[in-house]
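Everything in the sequence shown is counted per numbering that gives the first Met the number 0, starting at 0 for the first residue and increasing by one.
By construction, the Cβ of each residue, glycine as well, lies at the ideal position given by its N, Cα and C atoms.
Since the structure comes first, as structure tokens, the remarks are kept for the end.
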Amino acid sequence: MKKTNAFGITEKFWDFIEKYLPDYHERDDVLRQSQLQLYIDGKESAVAGEGLAEDEAGDELHHILYNLYAEAIDAYTKGLGEECGNCRTQQGNFCSACGKKLH
Ligand SMILES: [Zn+2]
């Protein structure tokens with residue numbers, strides 16, 4: 000159970016991933032990640048019927064999270080991700096309103 004928090008995932012981390020991960024809302028791995036997290040937390044989950052041991056679920060969860068972080072950071076460094084209403088009017092390297100890398 001403590002293993003679940005090994006990465007110290009915070010809401011801000013998730014905000015970052017949601018903002019920069021390409022196709023965040025349509026990805027199977029994001030869905031899988033949330034189902035694994037629910038399973039590990041002892042809540043109702045779509046993976047409950049798979050008979051995963053908790054450490055197996057945790058390993059898979061961490062593997063997915065690693066990939067999500069890596070992809071989100073990669074997209075960020077390329078200036079991808081959603082734009083806020085102010086991005087287009089900014090001249091610097093970063094939007095002063097949302098922090099997105101612009102160039
Ligand atoms: Zn912005």
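For the 8 Å CB-CB criterion, C83 and A96 form a contact.
Note that the C-beta distance between I16 and L60 is not below 8 Å. Ranked by Cα distance from T9, the options T76, F93, L64 are led by L64.
Here K11 carries a helix assignment [DSSP, helix/strand/coil]. Between ligand 1 and the CB of E17, the shortest heavy atom gap is not smaller than 7 Å. Where E81 is concerned, there is no enclosing alpha helix (DSSP H), because DSSP gives it neither an H nor an E.
The C-alpha of Y19 lies about 10 Å from the C-alpha of T76. Distance between Q34 and A52, taken at the CA atoms: about 14 Å.
When distances are taken from the beta-carbon of K100 to the heavy atoms of ligand 1, even the shortest one reaches 7 Å or more.
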